[in-house]
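Residue numbers (my numbering), protein chains in the order written: chain A, 397 to 596; chain B, 3 to 382.
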């Protein structure tokens, strides 16, 4: 399962951003697929963090070091600037303490990689125009059972970064497995950001 | 595969005699001593599949199996150690021992001091976790085990696993530290001291030399165990099991046993005072109190752990207030800061501190997954 050599497309894009032999912290690591791949192909060192003990068990099965923990309470287990990359993949929209985790990621790491479903994607807008909360491949929940509580579009995320003195190093917007360059906030369903602290 | 009822079967305790003096942390020297131990499973040709089980306060070498087919109780961790169990004796060679100072066959206060021909009693030296680990290393030498595939322990046993990883970094591949702490809190030491006071002030204690008086400080031991037992259970767990249940259905307006919890605690206390040695109890609680691998390093636990080369699994239980998850997270934080590999599970359980001896499903799954990884590494 996690030992497969092919990684889900969105995780592959994250993996491509990770430097070989770097230290990686993967927040909301799930079954450890990303770290398992990175361990084997890029010789990274790192830990996954997940709230669910069953995911910790899956990580152990995949040979990944996982630490059970609640991202909502911060990253107290980790000292400042321990990691080269801190990853938060499709989780930020489901968090209560959105701003805090973003700040914490750049406290413990040099760079953060954040991905989230883009609420501004045209199919979402279309469903709203039709009078319904959007349900799609990247947001497969009904309004009443969704874990996603903090929706944002590209501009919203970038404004939050700016407010906290965080600069965007790189942005990729995808739709299914294609990169979107033209009208990304309308045509892209999944956003990927590589961010760091403003120098000084 | 997940058959938790299978057992290692009939087992036998063994004795290893050591006549090289053991220099203890206190400055005292134990000229010679014996360790009582048991083994389960088979040591492979590469001697790479050995696991050491370190016991907690009242534990001993009888970890799994039975001495006779009609023994009522099996070893204290029989639910975790056996064929097909998470600590799988089909794959691992498992060693359990009784620590120095114990009362189950290893040299301790109730043993005869060859120099006097009398029980050691009050003259038995205080032993610490590092002392134990050194004595365990000698047992490993005796058994031809250069490097443990894993050292595993809960509570005080977890402290020994941690100490092993620091004192013998080349001899431990994995340390499993369960329901433990990097050192005791003031509250924990306080509980231990109340237990000790119960024993020390028992008129039958005779300053520790009660053997010659043909006395046993039962009242003290009983109180110590009752107090300890309260701290091993959670409020919820106790409430679930006993609530306010009365033995006779109504208040008796007296001081005899009325509530079921009183009956349970008194029974546990009585049973314990029948077989456990009061001096051993004192020593074990002192070993807990003194445990502090960072003490000689300006209280820097990260510096202490930096020496370790083992990989770690740390686990805690949500309702454990004697060694709470926060204490385990301190260990995890230090391990991460020391750049060590660590897996951490915080297991949802109502069983309090005792949960490390129970079979909450996520705990069993985590142990099984982690030890499977260990087994694969050593080709067990």
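All C-beta atoms, glycine included, are put in the ideal place defined by N, C-alpha and C.
Relative to the C-alpha of residue i, which candidate in the options has its C-alpha closest?
i	options	result
residue 319(B)	357(B), 280(B) and 83(B)	357(B)
residue 594(A)	457(A), 565(A), 466(A) and 461(A)	565(A)
residue 9(B)	326(B), 340(B) and 92(B)	92(B)
residue 268(B)	37(B), 17(B), 224(B) and 252(B)	224(B)
residue 493(A)	576(A), 468(A) and 592(A)	468(A)
residue 571(A)	559(A), 556(A) and 588(A)	588(A)
residue 545(A)	489(A), 586(A), 437(A) and 460(A)	489(A)
residue 20(B)	305(B), 108(B) and 362(B)	108(B)
residue 33(B)	172(B), 110(B) and 55(B)	110(B)
residue 438(A)	411(A), 457(A), 448(A) and 458(A)	411(A)
residue 13(B)	40(B), 197(B) and 215(B)	40(B)
residue 312(B)	342(B), 57(B) and 295(B)	342(B)
residue 166(B)	285(B), 54(B) and 218(B)	54(B)
residue 43(B)	22(B), 56(B), 284(B) and 67(B)	67(B)
residue 610(A)	582(A), 579(A), 532(A) and 443(A)	In the structure as shown, chain A begins at 397 and stops at 596. Residue 610(A) is therefore absent and cannot be evaluated.
residue 350(B)	340(B), 364(B) and 337(B)	364(B)
What does residue i reach in chain B if we use C-beta pairs closer than 9 angstroms?
i	result
residue 523(A)	Here the premise fails: no neighbours, minimum Cβ distance about 37 angstroms.
residue 449(A)	347, 348, 349, 350, 364, 365, 367 and 368
Would you mind telling me which residues of chain A sit closer than 9 angstroms to residue i, beta carbon to beta carbon, in chain order?
i	result
residue 222(B)	What residue 222(B) touches in chain A: nothing, since even the nearest Cβ is about 40 angstroms away.
residue 87(B)	Those within 9 angstroms of residue 87(B) in chain A number zero; the least Cβ separation is about 16 angstroms.
residue 375(B)	456, 457 and 459
Please report the residue range of the alpha helix (DSSP H) in which residue i lies.
i	result
residue 270(B)	262-277
residue 585(A)	Segment: none, residue 585(A) is in no alpha helix (DSSP H) and carries neither H nor E.
residue 130(B)	Element bounds for residue 130(B): n/a, residue is neither H nor E.
residue 165(B)	158-169
residue 365(B)	363-379
residue 496(A)	494-504
residue 435(A)	429-438
residue 464(A)	Taken as a continuous stretch (DSSP letters only), residue 464(A) belongs to no alpha helix (DSSP H), being part of the beta strand (DSSP E) at 462-464.
residue 570(A)	Not the alpha helix (DSSP H): residue 570(A) falls in the beta strand (DSSP E), residues 562-571.
residue 222(B)	220-234
How would you list, in chain order, the residues of chain A whose beta-carbon sits under 7 angstroms from the beta-carbon of residue i?
i	result
residue 371(B)	453, 456 and 457
residue 339(B)	475
residue 331(B)	473
Is any heavy atom of the ligand SAM found at a distance shorter than 7 angstroms from the C-beta of residue i?
i	result
residue 371(B)	Of ligands this structure carries none, so the ligand SAM is not represented either.
Measure the beta-carbon distance from residue i to residue j and round it to whole angstroms, keeping in mind my assumption that it falls under 8 angstroms.
i	j	result
residue 129(B)	residue 159(B)	15 angstroms between Cβ atoms; not a contact.
residue 88(B)	residue 373(B)	5 angstroms
residue 530(A)	residue 523(A)	4 angstroms
residue 654(A)	residue 346(B)	For residue 654(A) there is no data in the structure shown, the boundaries of chain A being 397 and 596.
residue 476(A)	residue 503(A)	6 angstroms
residue 52(B)	residue 147(B)	4 angstroms
residue 50(B)	residue 152(B)	Actually they are not in contact, since the Cβ atoms of residue 50(B) and residue 152(B) sit about 11 angstroms apart, beyond 8 angstroms.
List the endpoints of the continuous beta strand (DSSP E) containing residue i.
i	result
residue 481(A)	479-485
residue 56(B)	52-56
residue 93(B)	First-last for residue 93(B): undefined, no H or E at that position.
residue 442(A)	441-446
residue 41(B)	35-42
residue 423(A)	419-423
residue 313(B)	313-319
residue 180(B)	176-180
residue 17(B)	16-20
residue 468(A)	No beta strand (DSSP E) holds residue 468(A); DSSP gives it neither H nor E.
Given that residue i touches chain B, what residues does it touch there, using C-beta distances under 7 angstroms?
i	result
residue 461(A)	343, 344 and 345
Would you mind telling me which residues of chain B sit closer than 8 angstroms to residue i, beta carbon to beta carbon, in chain order?
i	result
residue 464(A)	346, 347 and 348
residue 468(A)	Chain B residues near residue 468(A): none, gap ~14 angstroms exceeds 8 angstroms.
residue 443(A)	338 and 344
Taking C-beta pairs closer than 8 angstroms, name the residues in chain A that residue i reaches, listed in chain order.
i	result
residue 97(B)	Within 8 angstroms Cβ-Cβ: nothing; residue 97(B) doesn't reach chain A, min ~24 angstroms.
residue 334(B)	463 and 473
Check whether the segment 413-424 of chain A touches the segment 481-498 of chain A, counting contact only when three or more Cβ pairs, one atom from each stretch, lie closer than 8 angstroms.
Because the criterion of three Cβ pairs below 8 angstroms is met, the segment 413-424 of chain A and the segment 481-498 of chain A touch.
So, does the segment 301-318 of chain B touch the segment 194-203 of chain B, judging by three or more C-beta pairs under 8 angstroms?
With a cut-off of 8 angstroms on Cβ pairs, the segment 301-318 of chain B is not in contact with the segment 194-203 of chain B, counting fewer than three such pairs.
Pair every Cβ in the segment 82-96 of chain B with every Cβ in the segment 188-196 of chain B, then say whether three or more of these pairs are closer than 8 angstroms.
Remark: fewer than three beta-carbon pairs, one from each stretch, lie closer than 8 angstroms, so the segment 82-96 of chain B and the segment 188-196 of chain B are not flagged as touching.
Given 8 angstroms as the limit, is there contact between the segment 69-79 of chain B and the segment 173-186 of chain B, that is, 3 or more CB pairs closer than that?
At 8 angstroms Cβ cutoff, the stretches do not touch.
Could you check whether the segment 115-133 of chain B touches the segment 10-29 of chain B, counting it as contact only if at least three pairs of C-beta atoms, one from each stretch, sit closer than 8 angstroms?
Under the Cβ criterion (8 angstroms, minimum of three pairs), the segment 115-133 of chain B counts as touching the segment 10-29 of chain B.
Is there contact here, the segment 364-379 of chain B with the segment 452-459 of chain A, by at least three beta-carbon pairs under 8 angstroms?
Because the criterion of three Cβ pairs below 8 angstroms is met, the segment 364-379 of chain B and the segment 452-459 of chain A touch.
Below 8 angstroms, can you find three or more Cβ-Cβ pairs linking the segment 149-168 of chain B to the segment 181-188 of chain B?
The segment 149-168 of chain B makes contact with the segment 181-188 of chain B: 3 or more CB pairs, one atom from each, lie closer than 8 angstroms.
With a cut-off of 8 angstroms, do at least 3 Cβ pairs link the segment 214-228 of chain B to the segment 238-252 of chain B?
The segment 214-228 of chain B vs the segment 238-252 of chain B: no contact.
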